[in-house]
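One structure is given below, encoded as structure tokens.
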Amino acid sequence: MSAQSRSLLDPALIAPALGSALKKLNPRELIRNPVMFAVEVVAVVATILFVRDLLAGSGAAFSGQLAVWLWLTVYFATFSEALAEGRGKAQADALRRTRSETVAKRLTGKSNAYEEVAAPALKVGDLVLVEPGDLIPGDGEVVEGVATVDESAITGESAPVIRESGGDRSAVTGGTKVLSDHIKVRITAAAGSSFLDRMIALVEGAERQKTPNEIALTILLAGLSLIFVLATVTIPSFAAYSGGAVPVIVLVALFVTLIPTTIGGLLSAIGIAGMNRLVRFNVLAMSGRAVEAAGDVDVLLLDKTGTITLGSRQAAEFLPLPGVRASQLADAAQLASLSDETPEGRSIVVLAKAAHGLRGREIEPLDATFIPFSAQTRMSGVDIGATKIRKGAGDAVIAHVKALGGRIPDELGEIVERVAREGGTPLVVATDQRILGVVYLKDIVKGGIRERFQELRAMGIRTLMITGDNPMTAAAIAAEAGVDDFLAEATPEAKLALIRKEQEGGKLVAMCGDGTNDAPALAQADVGVAMQTGTVAAREAGNMVDLDSDPTKLIEIVGIGKQLLMTRGALTTFSIANDVAKYFAIIPAMFVALYPPLGALNVMGLASPQSAILSAIIFNALIIVALVPLALKGVSYTPSNAAALLRRNLLVYGLGGLIAPFIGIKLIDMGVAALGIA
1 MSAQSRSLLD PALIAPALGS ALKKLNPREL IRNPVMFAVE VVAVVATILF VRDLLAGSGA
61 AFSGQLAVWL WLTVYFATFS EALAEGRGKA QADALRRTRS ETVAKRLTGK SNAYEEVAAP
121 ALKVGDLVLV EPGDLIPGDG EVVEGVATVD ESAITGESAP VIRESGGDRS AVTGGTKVLS
181 DHIKVRITAA AGSSFLDRMI ALVEGAERQK TPNEIALTIL LAGLSLIFVL ATVTIPSFAA
241 YSGGAVPVIV LVALFVTLIP TTIGGLLSAI GIAGMNRLVR FNVLAMSGRA VEAAGDVDVL
301 LLDKTGTITL GSRQAAEFLP LPGVRASQLA DAAQLASLSD ETPEGRSIVV LAKAAHGLRG
361 REIEPLDATF IPFSAQTRMS GVDIGATKIR KGAGDAVIAH VKALGGRIPD ELGEIVERVA
421 REGGTPLVVA TDQRILGVVY LKDIVKGGIR ERFQELRAMG IRTLMITGDN PMTAAAIAAE
481 AGVDDFLAEA TPEAKLALIR KEQEGGKLVA MCGDGTNDAP ALAQADVGVA MQTGTVAARE
541 AGNMVDLDSD PTKLIEIVGI GKQLLMTRGA LTTFSIANDV AKYFAIIPAM FVALYPPLGA
601 LNVMGLASPQ SAILSAIIFN ALIIVALVPL ALKGVSYTPS NAAALLRRNL LVYGLGGLIA
661 PFIGIKLIDM GVAALGIA
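Residue numbers for the sequence shown follow UniProt numbering, so the first one is 1 and each next one is one higher.
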């Protein structure tokens, strides 16, 4: 079982977390959590009071129990954090072994001569040779060769990928394995700062930085704790004024029940779990801020190709000119596509067979000369004897036919315009001097994508499609996909300008990309998701990396970000409501001897003042443990508007936080009274 899919109750996770939680009790580490640090200080005070009572021979049982439960409160909080971190430890250990055991073949500059060195010894700029079966020793770019690479150790995806020099598929990651051929790689990241190193730090939570919202909430909790310190230390003077006294151990208990220990104990675990949910989804967030920003995104920028559409155009229809049979056009188009291994070419062969029963023919008996596609001619085709069949861009085929002395039918322009207006690509087919018609190539919109955009709209997120297509084609696809708006004929400068315009209007923007030309926009976006298969520049510019290189995952990333914010908000609401209910247990118990009318507030009918205080402290500790699974799993999220989510939050976690302590403290009080331990 992988570290990512383990249950929270897996002993392989719990056992290490138990020990790690003890180490986190170190005050120098715990001080980063002001609330739990205050509880630890109070636990030390309670322990000293227990020793005093033990030596004095009275009251030790009560103070001792309080001290134990206060220590357990702190321990349960550190345990929740350790358990959250532990879910990434096993994966991090496996990745660390991969890095340390890899041997690199560093080229010495003489032909293909190389020396073997440990991967961590490589420096930026070193050239290494990677042959079949070798692990790529570090992050880099392919400068020579092409190879299939197994990236399953990093992405979890078993299908190999192609990596080659030049273009947007030149980036390689340390720890991945070359399966065939060989490549030369220039190292682009020093040891300790590679993608693998950052992945290790992220999945184990060792270098997790608090997010802005988390820092703000921590400051708020620290401020509340300070206020309750001041409130608690003034109580003895009021008691003395009334002619009585409140024991110090009771003041200690009061302080712990006043401060928001529930959210204080779970806050760190919530943040780590949010990062881990992305990791389990094969996305690495380079900062917690990016995860939070994903939850607050207002505008989502999506590339058309590969995100909204399948990314490969498919032949949808043969549109013959007047006087030409559809089967005649299909036959010519199929002949011109027999050697075309592109998805478009194969789809023409399949459509001709399905629509007109034309089976693919053997190439050799035709004595054919195939003309490959080139950027200069923008055509491809086949010569069979003296017959020349061509298919390609409309203007290119028209120029070819005119050069042979042919005539261009007036109806051709109407067909080409109609195909473009419907969002398709017109592929003109000609035999010698005669144009036969048009093959309608359609960029297929992914199934279910329209429903996904409706979900985003329900979240209050506006979607923008970015494409290099002309405005007419872009408008047709945008309408079919159901996006809110589109940017046609997009350039890197246009993308950047669009993002800045939205941000100037107070919007948070998310986008994904994989090429060097996407880097400026990825860096500018509040959430920039770079594809793992993309260039180094794109990966460095983004603040998230999708290991599966699936652009549609941006939609799920938004959901995970919202789930993180909802979980933190829900548990904060529960914690505050929870504390209000605890006051009804402990305050009447403390002051009923001094102010008998306060007995009317003992609505739970608790057995005795000491039982009430002990029950409140026990509940205060146990509720943290009870909420650990929710903090790590996250509050379930369904697309809805902010008002509906707020109502649900207040109803479930606000009202639940008020009711739960009344039930829990009463049940604990009954147990404490029955056992006679208070």
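Even for Gly, the Cβ is constructed at its ideal location relative to N, Cα and C.
Quick check on the DSSP output: the alpha helix (DSSP H) that includes residue i runs from which residue to which?
i, result
"Ser611", "Pro609 to Lys633"
"Leu221", "Pro212 to Val233"
"Ile259", "Ile259 -> no alpha helix (DSSP H), and no H or E assigned at all."
"Ser347", "Pro343 to His356"
"Phe37", "Pro34 to Ala56"
"Ile31", "That residue, Ile31, is in no alpha helix (DSSP H); it is neither H nor E in DSSP."
Between residue i and the rest of its own chain, which residues show a CB-CB distance below 6 Å, the 5 nearest in sequence each way excluded?
i, result
"Ile389", "Ala332, Leu335, Ala336, Gly381, Val382 and Thr431"
"Arg313", "Glu344, Thr425, Leu441 and Asp443"
"Gly656", "none"
"Gly634", "Gln563 and Thr567"
"Thr369", "Asp383"
Find out if the Cβ-Cβ distance for the pair residue i, residue j is shorter than 8 Å.
i, j, result
"Ala190", "Val124", "yes"
"Val45", "Thr73", "no"
"Ser170", "Thr535", "yes"
"Glu489", "Ile272", "no"
"Leu632", "Ala269", "yes"
"Met465", "Val439", "no"
"Ile435", "Val397", "yes"
"Val419", "Ile408", "no"
"Glu115", "Val178", "no"
"Ala510", "Val297", "yes"
"Ala585", "Trp69", "no"
"Val103", "Glu141", "no"
"Ala476", "Thr467", "no"
"Asn470", "Thr573", "no"
Using alpha carbons as the reference points, say which of the options lies closest to residue i.
i, options, result
"residue 682", "Thr567, Arg539, Pro365 and Ala147", "Nothing can be reported for residue 682, as the shown portion of the chain is limited to 1 through 678."
"residue 748", "Thr211, Leu329 and Arg280", "In the structure displayed, the chain extends from 1 to 678; residue 748 sits before or after that span and is not available."
"Gly223", "Leu456, Pro260, Phe486 and Pro137", "Pro260"
"Lys304", "Lys446, Arg163 and Thr342", "Lys446"
"Phe76", "Asp139, Thr262, Asp134 and Gly140", "Thr262"
"Ala294", "Arg106, Val558 and Ile586", "Val558"
"Val42", "Ala612, Thr218, Thr232 and Gln503", "Thr232"
"residue 702", "Lys105, Asn641 and Ala674", "No statement about residue 702 is possible, as the shown extent of the chain runs from 1 to 678 and does not include it."
"Leu266", "Thr342, Gly357, Pro34 and Ala121", "Pro34"
Looking at the unbroken beta strand (DSSP E) that takes in residue i, where does it start and where does it end?
i, result
"residue 679", "In the structure as shown, the chain begins at 1 and stops at 678. Residue 679 is therefore absent and cannot be evaluated."
"Ser180", "Lys177 to Ser180"
"Glu164", "Val161 to Glu164"
"Pro426", "Gly424 to Thr431"
"Phe486", "Asp485 to Leu487"
"Ala190", "Careful: Ala190 lies outside any beta strand (DSSP E) and carries neither H nor E."
Please confirm if residue i has its CB atom under 8 Å from at least one CB of chain B.
i, result
"Ala315", "The structure shown contains no chain B, having only a single protein chain."
DSSP on residue i, reduced to helix/strand/coil?
i, result
"Thr463", "strand"
"Ala333", "helix"
"Ser111", "coil"
"Gln148", "A small correction: the amino acid at residue 148 is Thr; Gln does not occupy that position in the sequence shown. Strand at Thr148."
"Asp579", "helix"
"Leu376", "Sequence inspection shows Gln at residue 376; the Leu mentioned does not correspond to that position. Three-state DSSP puts Gln376 in coil, outside helix and strand."
"Ala544", "Correcting the residue identity first, residue 544 is Met in this sequence and not Ala. Reduced to three states, the DSSP call for Met544 is strand."
"Ser2", "Only weak support exists for where Ser2 lies, its pLDDT of 41 falling under 50; the coordinates are left without a value."
"Thr305", "strand"
"Gln524", "helix"
"Glu183", "The amino acid at residue 183 is misidentified as Glu; the sequence shows Ile. Three-state result, Ile183: strand."
"Gln454", "helix"
"Leu498", "helix"
"Lys391", "strand"
"Ala481", "helix"
"Val279", "helix"
"Asp518", "helix"
"Ile371", "strand"
Quick one: residues in its chain with C-beta nearer than 7 Å to the C-beta of residue i, no 5 flanking neighbours on either side, listed in chain order?
i, result
"Gln524", "Leu496, Ile499 and Arg500"
"Leu49", "Ser63, Val248 and Ile249"
"Ile235", "Val246 and Leu251"
"Ile663", "none"
"Arg450", "Ala481 and Gly482"
"Asn578", "Thr262, Ile623, Gly657, Ala660 and Pro661"
Got a sec? Which residues, its chain only, sit under 8 Å from residue i by beta carbon, not counting five neighbours each side?
i, result
"Thr47", "Ala67 and Trp71"
"Ala316", "Leu351, Gly424, Tyr440, Leu441 and Lys442"
"Asn508", "The sequence shown places Leu at residue 508, not Asn. Cβ neighbours of Leu508 beyond the five flanking positions: Ala293, Asp296, Val297, Asp298, Val299, Asp526 and Val527."
"Arg359", "Lys353"
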